[in-house]
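>
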Amino acid sequence: MPPSINLRTLQAFMALAYALLAAIAVAREQSLVSLILAVAMAVGAYSTGRVVMDVHIPATMILRACGIGAVVLVAGLAADLFGSSHALGWATVVMGYCAGNRLRAAGALVAPR
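Offset between the sequence shown (1-based) and the working numbering: plus 67.
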């Protein structure tokens, strides 16, 4: 493991994981409303989110930087794999929101100042 990791890169990987879980939930739910809701949540979270500083953090601080996010990922994975339609609805909304928020935190699609 490298001695440090870029915080924005970590945010981008989290966004990718959330987006994948949102896509799985939408595919299992097979509803146009779920797709629209996931996209709307991602866009809304992206538009209201903040970009994190472009810093390197020690590798030992990765869990501190994204520990709660990792717990939400595990819950989303469980909902995607074992959940009913109610759990998939939750996963669609939450994973879409988290993906948009983490994408913005990573600084993706943001013009540099």
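Just so you know, even glycine gets a beta-carbon here, dropped at the ideal spot from N, CA and C.
Short of 6 Å in beta carbon distance, which residues of its chain neighbour residue 171, apart from the five on each side in sequence? Order them along the chain.
113, 116
> Is the separation between the beta-carbon of residue 184 and that of residue 159 shorter than 7 Å?
The displayed coordinates of the chain run from 68 to 180. Any statement about residue 184 would go beyond what the structure contains.
> With respect to the alpha helix (DSSP H) encompassing residue 101, which residues constitute its N-terminal and C-terminal limits?
99 to 115
> Taking the beta strand (DSSP E) that residue 71 falls in, what are its first and last residues?
Looking at the DSSP string, the run of the beta strand (DSSP E) that includes residue 71 is 71 to 73.
> Rounded to whole angstroms, what is the Cα-Cα separation between residue 126 and residue 102?
Rounded to whole angstroms, residue 126 to residue 102 spans 35 Å at the Cα level.
> Which residue or residues does DSSP assign as beta-bridge partners of residue 124?
72
> Assuming residue 175 is part of the alpha helix (DSSP H), what are its boundary residues?
From DSSP, residue 175 is part of no alpha helix (DSSP H); its letter is neither H nor E.
> Under DSSP, the alpha helix (DSSP H) around residue 119 begins and ends at which residues?
No alpha helix (DSSP H) contains residue 119, which DSSP labels as neither H nor E.
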